[in-house]
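J.: Have a look at the structure that comes next, please.
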Amino acid sequence: MASVFNNLLCAALLAASLMAVSGFQFRVGGVKGWRTPTGDEPETYNEWAAKNRFHIGDTLYFKYEKDSVLVVNSADYLNCNTSNPLSKFEDGKSVFQFDRSGPFYFISGQPGHCKLGQRLIIRVLHPAKVEAPFLAPSLAPAPAPVGESGGDSGQWRAPTKSSTGKLYVVSYFMTAIVGFFVIVYLFV
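Okay, here's the thing in structure tokens:
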């Protein structure tokens, strides 16, 4: 009976650990999917991306018909150049996983769609360093610069602190617990 309990405990802890470290899947375009904007959308793809925080391990889900998704460099993004993609997805239900921090550029592979707004920039955050609270007191972030019209200047700024550090602490903690129970299970 103790063996069954140990097996169940290990399985539960392993599942909890995997949930803590797995990424989040974002659905590009929501219910309507990846398509050429018609003008009735509440926000552009880049406005949507700016409202989200993307991390290494997160994924983008693109759903589309008679189209494709191209991962391109910044110059090809700016010029809507479809002839030199870094990656190309054409299956209608594509998933792209972020494997590094920094910018990622996506455009439609259909001629003219990118110039009509079917393009997306994602900025993946760098993993947060986990520091003890007593080592470095946090300061309030400086206010963002404001353009002459009182709105956003249009330039990308570093995001404010978020709870990503807590995610890493939980992940490390859960991994340590699972490791402990695996060792106990194997050697006891």
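Numbered per mature numbering (1 follows the signal peptide of the UniProt record, and there is no 0), the sequence shown spans residues -23 to -1, 1 to 165. Yeah, the Cβ is synthetic: ideal placement off N, Cα and C, and Gly gets one too. Only a predicted model underlies this, so the values are computations on that prediction, with no experimental measurement involved.
(1) Between G6, T15, K43, which lies nearest to A26 when the distance is taken from Cα to Cα?
(2) Entirely within the segment 9 to 52 and at least 3 residues each: give me those beta strand (DSSP E) ranges in chain order.
(3) Would you check if the distance between the CB atom of L97 and the CB atom of Y38 is smaller than 7 Å?
(4) With the cut-off set at 7 Å, would you say E18 and S45 are in Cβ contact?
(5) Who are F75's beta bridge partners in DSSP?
(6) Can you give me the C-alpha to C-alpha distance between R77 and L55, rounded to a whole angstrom?
(7) For F1, which residues of its own chain have a beta-carbon under 6 Å away from its beta-carbon, when the five flanking residues on both sides are left out?
(8) Nearest-angstrom Cα distance between V72 and P104?
(9) For Q87, report the span of its beta strand (DSSP E) as first-last.
(10) Taking C-alpha atoms, which residue in K70, H32, Q87, F158 lies nearest to L9?
(11) May I ask you to check if the CB of I154 is nearer than 6 Å to at least one heavy atom of the ligand MG?
T.: Taking the structure as given:
(1) In the sequence shown, residue 26 corresponds to position 49, counting from 1. The residue with the shortest Cα to Cα distance from A26 is G6.
(2) 36 to 40, 46 to 49
(3) By 1-based counting over the sequence shown, the position of residue 97 is 120. By 1-based counting over the sequence shown, the position of residue 38 is 61. No, the pair does not count as a contact, with Cβ atoms beyond the cut-off.
(4) Walking along the sequence shown from the start, residue 18 turns up at place 41. Walking along the sequence shown from the start, residue 45 turns up at place 68. Cβ distance not < 7 Å, so E18 and S45 don't count as in contact.
(5) Against the sequence shown, residue 75 aligns to sequence position 98. In DSSP, F75 forms no bridge with anything.
(6) Locating residue 77 in the sequence shown gives position 100, where the first residue counts as 1. Locating residue 55 in the sequence shown gives position 78, where the first residue counts as 1. Each residue's Cα considered, the two are about 21 Å apart.
(7) Here residue 1 is taken as the residue at index 24 of the sequence shown, counted from 1. D35, listed in sequence order.
(8) Position 95 of the sequence shown, counting from 1, holds the residue named residue 72. Position 127 of the sequence shown, counting from 1, holds the residue named residue 104. Distance between the alpha carbons of V72 and P104 is about 21 Å.
(9) Position 110 of the sequence shown, counted from the start, is the residue given in the question as residue 87. Element bounds for Q87: n/a, residue is neither H nor E.
(10) As a first step, residue 9 must be located in the sequence shown, where it is residue number 32. Correcting the residue type first, residue 9 is Lys in the shown sequence and not Leu. Ranking K70, H32, Q87, F158 by Cα distance to K9 puts K70 first.
(11) As far as ligands go, the structure on display features none, and thus does not contain the ligand MG.
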